[in-house]
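Undergrad: Okay, here's the structure, questions in a sec.
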Amino acid sequence: MHPLTLTWRGAVAAAIGAATVGLRAGPTTPAAPAKPAPVAATASDTLREPPTLHSVSRVPGVVEVELTAAPARLRLLPGGPLVNVYAYNGSIPGPTLDVHEGDSVVIHFHNRLPDTTTVHCHGLHFPAAEDGSPLMPIAPGQSYDYAFRVPRGWAGTYWYHPHVDRKTTFQVAMGLFGAIIIRAPHDPLAARHIPEKLLVLSDNRFDSAGAIAFPDPTSVQAEIDLENGREGNVLFVNGQVMPTIPIRRGQVQLWRIVNASASRVYRLSLTNQPLVHVGSDGGLFEHPLEEHDLLLANSGRVEVLVRGTGAAGSEAVLQDLPYDRYMPQTRPDDWDSTRTLLSLRATGTPMVRPVAIPTELRAIPPIDTTHVAAHRVIVMSQGLIDGKRMDMHRVDIRARLGTTEIWEIQNVVGMDHPFHLHGFHFQVLDRDGVSEPYRSWQDLINVPKHSSVRIVVHFDDFPGEWMYHCHILDHEDEGMMGILELTN
Amino acid sequence: MSGWRGRSAVAVLAAVILPIMALAAAHAVRRDSGRATAWPGETTADTIAHGRFIVVTHDCNGCHGGIDPASDGWLAGETTPDMQFMIGPCYLTPGAKPCFHTHPRNLTPDNQTGLGRFTERQIFNALRYGLRPEETPDVTITSMTPGEGNFPLHPRYLAAPMPWMAWRFMPDGDLWSVAAYLKRGLKPVHNLVQESEGPPDFWASAYTPDKIGAYPGPAFPTKNEQAPN
């Protein structure tokens, strides 16, 4: 028999084998802690927001909080068992850090995990030593005070999560993520008393016993996870499954939405109205944009306004519409199904006086590109940046403080890669040569399969080493990351 | 439509690829040069010409496009649906599963749709080890054991029917020459080819030594061969 015939048959056999390999849960959950701290989660509950980190400081403008990462036992699935998790201050999502521009923040962090970890405040602009990158691991039993000042102009919705070498996927899957809200002194939405909701989107995968499941490293599912990033089979909003948000007729609500999923990309849509898109990673746009649906890549944030338009008792659903970000070899069979996230229910309470949505939100000056110190091309292939895996002892890009650079980020493969730069906001210039229709501040940009995006970034402050990487956490763990060194 | 392209994939395999593989295997027995993968010397016009000679004589264009180097679409990848392959039992029984449509990729050095962003070493590693350049770092590979000597722990292989498992037996210099011709001897053509389908392990369980033979190949003569008198 000819080798190719064998190969061909072998390939078919492999494919058949793959189709029959189901999810295999590995025994990777940590040992149970002593004291259970159950959190009830039942379908159709009213949305609850994560607790807010309490500041122990009485000094105005100083926020001083305690944050502990530790094993816990929580009930993640409605009616499900208590399962082993990792949690910040005992809750999933972790408590929200709610601060103002200009605040001085101290996070007294304690690692009570059996693992090395970090706290990476995703999207913030501060000294490199506070970034919680893999270069600054916190060992089990150790503590670290993350201290920084919240910069002006940084108001928006952010999040924090571990960013530890090769274990970020695992630690986020185990429950380590929480939101950060930065408030501006003059906020056009707060000025109109528009109520807000925080929605932290996450997903997780469970085995038949209801425990968090990870594949056997030798299984086909492990290969699929490596390619797609680990996606869950249950979708959560603030740790709840399909919660309800009540809304009065006429009311306008601001939803701050964080995608804290390790790899799931959401294409968000409301069934009864367009979304009024008012902000992204780095806060408000200049003007609101009405969109039928919007793409929220993993680790990205959006701020949207929704209206109470329906009759009392009527319901709209926040959906995750199909979006094909995958390689055909590993595209999930159910990729084209629509998923539901939460229900927006019009209450019977009397209508409120409609709030006018402002047409001007704030000014976002374009980054000055008169003097561009460097034009760089950054190539993302599968698990690699510029053909390389991350090396913690290698600097990939050297740049100078006070300069502006334009980076063309090319994705040369058949799946999307969301690109994240630590420490700095950037603006998108164009995508595949098409000018970006509006300005925004981003720390993440999804680069679709076989496409390119040009961004401009100004390095105004903070020397040191900064990561840039694909934010599919499995890819990040595999080393799809580079190091930017900024020097004076 | 010219040549064999309108024929069935099976016919193509039988008529074109299999004899080439047999030739390549015979070639390998004579000139197998082991596993060294360092580029042996400077690229010259001769290198490019030699790469071109191998590309032409190995019918790379038979799948990847074009009739000869002067023709449109030379090595620019799939441009019409009949250049696709159907891999799996669906070929004989329509509707049978699995059924993978694979697409000859653009081999020209276009940055976004071709090989422009991959290095000659990544192309070498594709030809020698069958490893997809988009997932294999730009490194010298010194082992074929997953996880050792820069061989990926989770190897991802080129889609069938790319016959790298025969062409890997070409001497290093020949493979480097092919890489040099593709990267430097061709003009880039922008032609986005759809990603090939395949099993989720990217053919890893199909391309094991018991199924495709060992590399380097067995010494001559084997039990099936004899030394001439």
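Quick mapping for you: the protein sequence lines, in order, are chains A and B. Take the first sequence: its letter number 174 is residue 175 in my numbering, and every next letter is one higher. Take the second sequence: its letter number 128 is residue 1558 in my numbering, and every next letter is one higher. Glycine is no exception: its CB is placed at the ideal position from the N, C-alpha and C atoms.
Helix or strand or just coil, what does DSSP make of residue 1632(B)?
TA: Assignment of residue 1632(B) by DSSP, reduced to helix, strand and coil, places it in the coil class.
Undergrad: Taking C-beta to C-beta, are residue 412(A) and residue 421(A) nearer than 8 Å?
TA: no
Undergrad: Against chain B, with Cβ distances strictly below 8 Å, would residue 224(A) count as a contact?
TA: Proximity of residue 224(A) to chain B, defined by a Cβ-Cβ separation below 8 Å, is satisfied.
Undergrad: Just the C-alpha distance for residue 81(A) and residue 207(A), rounded to the nearest angstrom, thanks.
TA: CA-CA distance, residue 81(A) to residue 207(A), rounds to 10 Å.
Undergrad: Could you run through the segment 445-464 of chain A and flag, in chain order, every residue whose CB is less than 7 Å away from some CB of chain B?
TA: Within the segment 445-464 of chain A, the qualifying residues are 451, 453.
Undergrad: Could you tell me the boundaries of the beta strand (DSSP E) in which residue 400(A) lies?
TA: Note, residue 400(A): beta strand (DSSP E), 398-401.
Undergrad: Short of 8 Å Cβ to Cβ, which residues in the segment 1613-1641 of chain B face chain A?
TA: 1622, 1624, 1625, 1626, 1627, 1628, 1629, 1630, 1631, 1632, 1633, 1634, 1635, 1636, 1637, 1638, 1641
Undergrad: Taking the beta carbon of residue 1394(B) as the centre, do at least 16 other beta carbons fall within 10 Å, making it buried, or is it exposed?
TA: Nothing about residue 1394(B) can be read from this structure; chain B reaches only from 1431 to 1659.
Undergrad: Hey, would you say residue 96(A) sits closer than 8 Å to residue 135(A), going by beta carbons?
TA: no
Undergrad: With respect to the alpha helix (DSSP H) encompassing residue 1481(B), which residues constitute its N-terminal and C-terminal limits?
TA: It spans 1475-1487 - the alpha helix (DSSP H) in which residue 1481(B) sits, taken as one unbroken run.
Undergrad: Quick one, are the C-beta atoms of residue 410(A) and residue 484(A) less than 8 Å apart?
TA: no
Undergrad: Spell out a yes or no on whether the segment 190-203 of chain A and the segment 62-79 of chain A are touching, meaning 3 or more CB-CB pairs, one atom from each, closer than 8 Å.
TA: In short, these stretches do not touch, since the Cβ pair count stays below three.
Undergrad: Does the beta carbon of residue 389(A) come closer than 8 Å to any beta carbon on chain B?
TA: yes
Undergrad: Against chain B, with Cβ distances strictly below 8 Å, would residue 170(A) count as a contact?
TA: no
Undergrad: Write down the C-beta distance between residue 238(A) and residue 342(A) rounded to the nearest angstrom, noting that I regard them as a contact closer than 8 Å.
TA: 6 Å
Undergrad: Just tell me which of 225(A), 460(A), 157(A), 178(A) has its CA closest to the CA of residue 425(A).
TA: Checked all of 225(A), 460(A), 157(A), 178(A); the closest Cα to residue 425(A) is 460(A).
Undergrad: Extract the residue ranges of the alpha helix (DSSP H) inside the segment 279-320 of chain A, only unbroken runs of 4 or more that lie entirely within it.
TA: Segments of the alpha helix (DSSP H) lying fully in the segment 279-320 of chain A: there are none.
Undergrad: Please classify residue 171(A): does DSSP put it in a helix, a strand, or coil?
TA: helix
Undergrad: Hey, quick one: how far does the beta strand (DSSP E) through residue 1494(B) stretch, first residue to last?
TA: Unbroken run through residue 1494(B) is the alpha helix (DSSP H), 1490-1494; no beta strand (DSSP E).
Undergrad: Counting only runs that start and end within the segment 134-202 of chain A, where is the beta strand (DSSP E) found for 3 or more residues in a row?
TA: If we require 3 residues or more, the beta strand (DSSP E) runs fully inside the segment 134-202 of chain A come out as 144-150, 157-162, 179-184.
Undergrad: Please state the DSSP three-state secondary structure of residue 467(A).
TA: strand
Undergrad: Report yes if the C-beta distance between residue 47(A) and residue 244(A) is below 8 Å; otherwise report no.
TA: yes
Undergrad: Buried or exposed: which applies to residue 331(A), given that a residue is buried once 16 or more other Cβ atoms fall within 10 Å of its Cβ?
TA: buried
Undergrad: Using the rule of at least 16 other Cβ atoms within 10 Å of the residue's Cβ for burial, across every protein chain shown, is residue 372(A) buried or exposed?
TA: exposed
Undergrad: Around the C-beta of residue 168(A), are 16 or more other C-beta atoms found within 10 angstroms, so that it is buried, or is it exposed?
TA: buried
Undergrad: Taking the alpha helix (DSSP H) that residue 1610(B) belongs to, which residues open and close that run?
TA: Residue 1610(B): member of the alpha helix (DSSP H) spanning 1602-1610, first to last residue.
Undergrad: CB-CB under 7 Å to residue 452(A), same chain, minus the five flanking residues each way: which ones, in chain order?
TA: 412, 432, 433
Undergrad: Looking at residue 1488(B) and residue 1507(B), is the spacing between their C-beta atoms short of 8 Å?
TA: Residue 1488(B) is positioned such that its CB atom lies no closer than 8 Å to that of residue 1507(B).
Undergrad: Quick check: is the beta carbon of residue 1511(B) nearer than 8 Å to any beta carbon in chain A?
TA: Cβ-Cβ to chain A under 8 Å: no for residue 1511(B).
Undergrad: Mind the definition here: the segment 157-175 of chain A touches the segment 270-286 of chain A only if three or more C-beta pairs lie below 8 Å; say whether that holds.
TA: yes
Undergrad: Examine the Cβ distances between the segment 1578-1585 of chain B and the segment 1619-1626 of chain B and report whether three or more of them are shorter than 8 Å.
TA: no
Undergrad: Would you list the residues sitting across from residue 109(A) in a DSSP beta bridge?
TA: 67(A), 146(A)
Undergrad: For residue 141(A), tell me which candidate among 149(A), 115(A), 123(A) has the shortest Cα-Cα distance.
TA: 115(A)
Undergrad: Does any residue of chain B bring its CB to less than 8 Å from the CB of residue 396(A)?
TA: Cβ-Cβ to chain B under 8 Å: no for residue 396(A).
Undergrad: Report the three-state DSSP secondary structure of residue 1614(B) (helix, strand or coil).
TA: helix
Undergrad: Residue ranges of each alpha helix (DSSP H) run of no fewer than 4 residues wholly in the segment 1526-1596 of chain B, ordered along the chain?
TA: 1550-1559
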